[in-house]
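Enquirer: Numbering (my numbering), first residue to last: 15 to 898. Beta carbons: idealized from backbone N, C-alpha and C, even for Gly. Note that this is a predicted model, so its numbers are computed, not measured. Please read through the structure below; I'll follow up with questions.
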Amino acid sequence: MKNFTHLHLHTEYSLLDGMAKISELVEHGAKLGMEAMAITDHGNMHGVVDFYKAAKKAGIKPILGCEVYVASKSRLDKNHSADNFYYHLVLLAENNIGYENLMKLVSLGYTEGFYYKPRIDLELLEKHNEGLICLSACLSGPVSKNILRHGVEKGKEMAAIYKNIFGRDRFFLELQDHGMEEQKRVNEGLIRIGRDLDLDLVATNDVHYLYKEDAKTHEVLLCVQTGKTMADDDRMEYGSDNFYLKSYEEMEELFSHLPQALENTMKIAHRCNVELTFNEYKLPKYPTPDGMSAKELLRKLTFEGLERRYDKLDEEIIKRANYELNTINSMGFCDYFLVVWDFIAYAKKKGIAVGPGRGTSAASIVAYALDITNIDPLEHRLIFERFLNPERISMPDIDIDFCYERRQEVIDYVISKYGDDRVAQIITFGTMGAKAVIRDVGRALGMPYAQVDAIAKKIPFMLGMTLDKALSIEPTFKQEYDTNPASKGLIDMAKRLEGLPRHASTHAAGVVISDKELTRHVPISQNDGVNTTQFSMGVLEELGLLKMDFLGLRTLTVIKHTTAEIKRRYGIDINITKIDMEDKQVFEAIAAGKTEGMFQLESRGMTSFMKELKPESIGDLTAGISLFRPGPMDFIPKYLKNKHAKGEVKYLLPELKPLLEETYGVIVYQEQVMQIVQLLAGYSLGRSDLIRRAMSKKTEEVMIQEKQHFIHGIEGEVEGCLARGISQTIAEEIWYEMEDFAKYAFNKAHAAAYATVGYQTAWLKTHYPAPYMAALLTSIMDNMDKVAEYIAECKQMGIEVAPPDINHSFGNFAVIDENKISFGLNAIKNLGRPTVAALTKQRESLGQFLSLSDFLMRVGSDGDINKRSVEALIKAGALSSLGG
């Protein structure tokens with residue numbers, strides 16, 4: 015019997031230190047016959063859920079843990095001193111209470127104790143140790159470090175402290191043997207302490223990579239982490255090549271004199287029984303007024319909103335609203351809708367621009383009634399089941415676009431409403447991609463920059479590119495690999511590190527809101543003072559947490575600035591949601607190719623497509639946005655031909671005409687696929703969405719089965735085409751056409767929302783060109799290539815962009831008159847926004863600058879400007895009006 019399991023193991027998430035990728039680790043562990051394995055990454059729990067799932071799938075029992083950092087003094091002491099350092103300590107969750115305590119401790123390490131590392135302390139261990147098993151860790155552990163520094167008696171004192179906290183049965187002295195002299199001394203001391211204090215021993219191998227031959231590559235990884243090269247004498251080294259995933263036989267040979275230390279690893283493994291639950295929702299409760307239920311409040315708000323939205327509530331509107339409300343309630347999402355309604359209402363109340371919709375949420379009439387979206391799903395014939403499917407329980411996905419300048423205000427509101435212990439932003443990981451890993455490894459090996467750069471440049475720039483793929487498709491890269499031994503060594507080493515997480519950062523938009531304290535469900539870290547989850551977005555969704563994207567859309571800011579400038583200059587208060595959506599002048603401008611600066615319409619290819627398409631309605635723009643993507647582009651010629659020869663469009667069946675007429679007989683949207691299978695074969699819309707998903711994912715087995723169902727039906731569920739009088743030949747032809755396009759089909763709800771924003775920008779540019787172009791230039795002023803491009807567009811439009819002037823320009827681009835814009839001072843390089851703010855404030859309070867000396871005396875006295883700023887203003891011509 016194999017009486018050993020690894021209890022000290024670092025995966026890829028011990029960033030730039032562990033190089034054991036979870037998938038490879040579990041696969042190798044299974045080959046070695048491991049019954050159980052632990053994950054104990056440095057200071058974080060990023061990988062525990064992925065490890066848990068991978069281990070379970072491989073038939074290995076997952077033990078969830080972490081090698082935490084323990085402050086030698088208090089976690090709150092962040093003063094640099096010789097006695098303020100940290101120890102390593104291994105904590106393993108014995109049960110779900112221990113797992114929660116582990117998440118709490120690891121989170122507090124970041125939120126309270128971060129000082130170089132996320133540190134906890136003895137105080138926290140005393141509070142949150144229930145359900146945790148503690149191992150004394152490596153040479154940096156509290157017992158081992160004190161044995162080395164001060165002798166066995168000091169080590170025993172430290173061991174007694176931890177025994178007192180965890181008790182005899184939950185604290186183990188950890189023995190390691192990587193062939194290092196220090197470990198032999200420490201192990202002798204630990205054995206003695208174990209006898210004296212009646213503590214059990216446990217044997218571990220501090221795993222950082224999978225195979226012995228990975229040792230050198232791991233050294234390179236450490237050089238990447240520390241910014242050193244392999245030639246540096248002071249680089250970080252482990253001093254052994256034994257930090258790999260050893261087999262039972264290897265461990266037995268090392269610790270043959272201490273069989274009990276091996277057996278104890280299995281005893282601990284048997285005791286550790288954490289069970290994670292997936293897809294069990296942990297949604298926040300919306301604080302409803304006057305004892306109302308969430309269901310009652312949602313219904314009340316929905317019908318109040320429908321009264322505002324529609325002149326008359328006919329039977330179709332009421333039926334659709336009731337159906338959606340019943341579905342939302344039965345699926346348990348009433349609070350979800352109220353939470354979203356609340357923060358969008360807050361944003362609008364505060365004048366923060368909100369998009370008309372994004373993704374599939376625009377298909378909901380409830381969302382429309384609540385002002386979550388601004389797209390009428392009935393007018394656009396959008397299908398609710400594409401958004402929320404009662405036949406496939408999954409979290410609704412309401413992503414929101416906000417003004418990019420003020421998005422954070424909405425996030426701050428959500429944090430204040432639900433508590434900073436229940437709201438966090440979401441972590442994301444940057445990985446070592448094909449080109450980047452070549453450069454990182456080449457730098458660490460000390461290879462000449464030019465040589466490494468030349469190799470990296472041979473890798474094709476493509477999405478999903480890997481080194482293996484580059485070797486198979488790029489002849490020059492393959493030749494370099496085959497003919498140059500140094501390049502081969504570099505590439506082989508880089509392949510072992512490729513794909514490892516390189517750093518953690520905060521997701522640009524993701525926010526999670528929990529029903530209770532977040533650390534009950536997910537550990538928290540911090541990035542630039544912002545609380546972020548330690549689990550990535552996909553894991554959070556699997557755990558049933560409410561995840562939403564608060565996206566910053568620059569175009570909304572442009573629209574907001576434009577309407578504000580129109581009101582300032584002309585006294586006209588424009589509500590962009592109430593403009594004429596059938597303005598011929600706007601569609602003529604788009605058809606003429608005057609699309610520069612219009613949302614979703616300005617690329618060269620899209621401009622050309624619009625000139626051919628000659629859109630006449632918002633429906634044409636919606637289809638255009640959907641078609642102009644890789645894949646659907648193949649259908650553009652057919653679409654254009656049919657649009658411009660409307661009377662000649664042929665349909666395989668007359669029943670298809672009402673569904674495909676708006677897109678001239680071409681299947682453009684996912685919703686059309688759903689409607690076709692519903693109409694021709696008798697599918698429910700819920701089940702039709704499952705087919706649409708299978709088609710888009712190209713799931714072959716499911717497709718073969720569903721084709722049979724589409725043609726022949728399912729007794730009691732689906733009639734099938736044959737039963738409805740459609741021939742097998744026609745049914746198959748329709749099926750193949752759907753299958754062909756569904757691989758690429760776009761969801762209409764998202765396209766309609768973005769077409770609306772595109773139209774709004776076109777309307778503003780057509781009717782208020784100077785305010786729109788000024789706002790557009792302001793939005794991209796940090797990108798000088800774009801500034802030049804839009805200034806050229808202004809010239810084409812007959813609008814002059816006046817050079818910057820210290821007495822007339824503002825920070826942003828501004829309208830001087832109908833045909834003239836002043837250049838924004840913030841766009842001048844090396845000037846800085848605080849300096850510009852100080853200059854304009856001086857001008858407002860004391861009037862225009864009269865001369866260069868007047869300018870220098872007024873702004874120089876307060877230290878608002880330096881020599882570099884003055885030079886920048888001179889070179890930009892902003893001081894020319896002051897005279898010589």
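Please return the same chain residues whose Cβ sits closer than 8 Å to the Cβ of L78, not counting the five positions on each side in sequence.
Expert: Counting from one through the sequence shown, the residue named residue 78 turns up at place 64. Within the same chain, L78 has close Cβ partners A52, I53, M59, V62, F65, Y66, L106, A107, Y113, L116, C286 and V288.
Enquirer: Could you name the residues that DSSP lists as bridge partners for M409?
Expert: Counting from 1 along the sequence shown, the entry for residue 409 is found at position 395. Looking at the DSSP assignment, M409 forms no beta bridge with any residue, so it has no partner.
Enquirer: Can you check which of these residues, K625, E610, G619 and P629, is closest to K598 by C-alpha distance?
Expert: Counting from 1 along the sequence shown, the entry for residue 598 is found at position 584. Among K625, E610, G619 and P629, the Cα nearest to that of K598 belongs to P629.
Enquirer: If you follow the beta strand (DSSP E) that N541 is in, where does it begin and where does it stop?
Expert: Within the sequence shown, the letter at position 527 stands for residue 541. It spans I538 to N541 - the beta strand (DSSP E) in which N541 sits, taken as one unbroken run.
Enquirer: What residue range does the alpha helix (DSSP H) around M688 cover?
Expert: Within the sequence shown, numbered from 1, the residue matching residue 688 stands at position 674. Q684 to A695 is the span of the alpha helix (DSSP H), which, as asked, contains M688.
Enquirer: Using DSSP bridges, identify the partner residues of M562.
Expert: Position 548 of the sequence shown, counted from the start, is the residue given in the question as residue 562. According to DSSP, which records beta bridges pairwise, M562 is partnered with V525.
Enquirer: Per DSSP, S519 forms a beta bridge with which residues?
Expert: On the sequence shown, position 505 is the one that residue 519 refers to. Beta-bridge pairing links S519 to T442.
Enquirer: First and last residue of the beta strand (DSSP E) that includes M51?
Expert: Counting from one through the sequence shown, the residue named residue 51 turns up at place 37. It spans A50 to H56 - the beta strand (DSSP E) in which M51 sits, taken as one unbroken run.
Enquirer: Just the C-alpha distance for N388 and G607, rounded to the nearest angstrom, thanks.
Expert: To locate residue 388, count along the sequence shown from 1; it is residue 374. To locate residue 607, count along the sequence shown from 1; it is residue 593. Taking the straight line from one Cα to the other gives about 27 Å.
Enquirer: Can G558 and N336 be called in contact, C-beta distance under 7 Å?
Expert: Within the sequence shown, the letter at position 544 stands for residue 558. Within the sequence shown, the letter at position 322 stands for residue 336. Taking 7 Å as the Cβ cut-off, G558 and N336 do not qualify as a contacting pair.
Enquirer: Out of E731, P785, L790 and K711, which one is the CA nearest neighbour of Y697?
Expert: Residue 697 sits at position 683 when you count from the first residue of the sequence shown. When only C-alpha atoms are compared, the closest one is E731.
Enquirer: Measuring only the C-alpha atoms, how far is V428 from D529?
Expert: Here residue 428 refers to the residue found at position 414 of the sequence shown. Here residue 529 refers to the residue found at position 515 of the sequence shown. Answer to the nearest angstrom: the Cα atoms are 13 Å apart.
Enquirer: Is G43 buried or exposed, if buried means 16 or more other CB atoms sit within 10 Å of its CB?
Expert: Numbered from 1 along the sequence shown, position 29 holds the residue referred to as residue 43. Classification for G43: buried.
Enquirer: For N178 and V716, I'd like the C-alpha separation in whole angstroms.
Expert: Locating residue 178 in the sequence shown gives position 164, counting from the first residue. Locating residue 716 in the sequence shown gives position 702, counting from the first residue. Approximately 58 Å between the Cα atoms of the pair.
Enquirer: Can you tell me which of T621, I586, Y665 and P404 puts its alpha carbon nearest to the alpha carbon of G772?
Expert: In the sequence shown, the residue the question calls residue 772 occupies position 758. G772 has its Cα closest to that of T621, out of T621, I586, Y665 and P404.
Enquirer: Based on the DSSP secondary-structure assignment, which residues constitute the bridge partners of L864?
Expert: In the sequence shown, counting from the first residue as 1, residue 864 sits at position 850. Here L864 is not bridged, per DSSP, to any residue.
Enquirer: CA-CA distance, I379 and R323?
Expert: Within the sequence shown, the letter at position 365 stands for residue 379. Within the sequence shown, the letter at position 309 stands for residue 323. Going by the C-alpha atoms only, they are around 10 Å apart.
Enquirer: I'd like the span of the alpha helix (DSSP H) that includes F65, first residue to last.
Expert: As a first step, residue 65 is located in the sequence shown; it is residue number 51 there, counting from the start. Here the alpha helix (DSSP H) through F65 covers V62 to K71.
Enquirer: Quick test of your reading: V900 and P156, contact by CB under 8 Å. State the CB separation rounded to the nearest angstrom.
Expert: Residue 900 cannot be examined here, being either before or after the span of the chain that is shown, 15 to 898.
Enquirer: Taking 6 Å as the limit between beta carbons, can you name the residues of its chain near G513, skipping five residues before and five after?
Expert: What you label residue 513 is simply residue 499 of the sequence shown in a count that begins at 1. Contacts found: T445.
Enquirer: Give the straight-line distance between the Cα atoms of L211 and D191, rounded to the nearest whole angstrom.
Expert: The residue you call residue 211 lines up with position 197 of the sequence shown. The residue you call residue 191 lines up with position 177 of the sequence shown. Approximately 22 Å between the Cα atoms of the pair.
Enquirer: Is T25 helix, strand or coil when you go by DSSP?
Expert: Walking along the sequence shown from the start, residue 25 turns up at place 11. It is coil, neither helix nor strand.
Enquirer: Do I586 and K593 come within 7 Å of each other at the CB atom, strictly closer than that value?
Expert: Translated into the one-based positions of the sequence shown, residue 593 becomes position 579. Translated into the one-based positions of the sequence shown, residue 586 becomes position 572. Per the sequence shown, the amino acid found at residue 593 is Ile instead of Lys. With contacts defined as CB atoms closer than 7 Å, I593 and I586 fail to qualify as a contacting pair.
Enquirer: Need the endpoints of the alpha helix (DSSP H) that K230 sits in, please.
Expert: The residue labelled residue 230 in the question sits at position 216 within the sequence shown. For K230, the uninterrupted alpha helix (DSSP H) run begins and ends at A229 to T240, by DSSP.
Enquirer: Compare the C-alpha of Q856 against each of K881, N821 and I835 and name the closest.
Expert: Here residue 856 refers to the residue found at position 842 of the sequence shown. When each option's Cα is compared against that of Q856, the closest is N821.
Enquirer: If you measure between the beta carbons of D440 and M345, is that distance less than 7 Å?
Expert: Within the sequence shown, residue 440 is the residue found at index 426, counting from 1. Within the sequence shown, residue 345 is the residue found at index 331, counting from 1. Asp is not the amino acid found at residue 440; the sequence shown has Ile there. It is not a contact, given that the beta carbons lie outside the stated cut-off.
Enquirer: Can you give me the Cβ contacts of L3 inside the same chain, cut-off strictly under 6 Å, excluding the 5 residues immediately before and after it?
Expert: Residue 3 is absent from the structure shown; the chain starts at 15 and stops at 898.
Enquirer: Enumerate in chain order the residues of its own chain whose CB-to-CB distance from Q274 is below 7 Å, with the five nearest sequence positions on each side excluded.
Expert: Against the sequence shown, residue 274 aligns to sequence position 260. Answer for Q274: L215, listed in chain order.
Enquirer: Output the distance between the C-alpha atoms of F863 and A522, rounded to the nearest integer angstrom.
Expert: Within the sequence shown, numbered from 1, the residue matching residue 863 stands at position 849. Within the sequence shown, numbered from 1, the residue matching residue 522 stands at position 508. Straight-line Cα distance between these residues: approximately 42 Å.
Enquirer: Considering only their Cβ atoms, is the gap separating A508 from V451 smaller than 7 Å?
Expert: Position 437 of the sequence shown holds residue 451. Position 494 of the sequence shown holds residue 508. Yes, the pair counts as a contact, with Cβ atoms nearer than the cut-off.
Enquirer: Can you tell me the Cβ-Cβ gap for E188 and H22, rounded? I've got them flagged as a contact below 8 Å.
Expert: One-based indexing of the sequence shown puts residue 188 at position 174. One-based indexing of the sequence shown puts residue 22 at position 8. So it is a contact: roughly 7 Å between Cβ atoms.
Enquirer: Would L312 and C348 qualify as a contact pair, given that the criterion is a beta-carbon distance under 7 Å?
Expert: Residue numbering aside, residue 312 sits at position 298 when the sequence shown is read from its first letter. Residue numbering aside, residue 348 sits at position 334 when the sequence shown is read from its first letter. Result yes, Cβ atoms of L312 and C348 sit closer than 7 Å.
Enquirer: Tell whether a beta-carbon distance below 7 Å holds between G633 and E676.
Expert: Taking the first residue of the sequence shown as 1, we reach residue 633 at position 619. Taking the first residue of the sequence shown as 1, we reach residue 676 at position 662. Going by C-beta atoms, G633 is nearer than 7 Å to E676.
Enquirer: Alpha carbon to alpha carbon, what distance is there between A438 and R583?
Expert: Locating residue 583 in the sequence shown gives position 569, counting from the first residue. Locating residue 438 in the sequence shown gives position 424, counting from the first residue. Roughly 41 Å separates the two Cα atoms.
Enquirer: Scan the segment 165-252 and note each continuous beta strand (DSSP E) run of 3 residues or more that stays entirely inside, going in chain order.
Expert: Taking only runs of at least 3 residues, the beta strand (DSSP E) segments lying wholly in the segment 165-252 are 185-190 and 215-218.
Enquirer: Quick one: is F475 buried, meaning 16 or more other Cβ sit within 10 Å of its Cβ, or exposed?
Expert: The residue you call residue 475 lines up with position 461 of the sequence shown. Counting Cβ neighbours within 10 Å, F475 comes out exposed, since fewer than 16 surround it.
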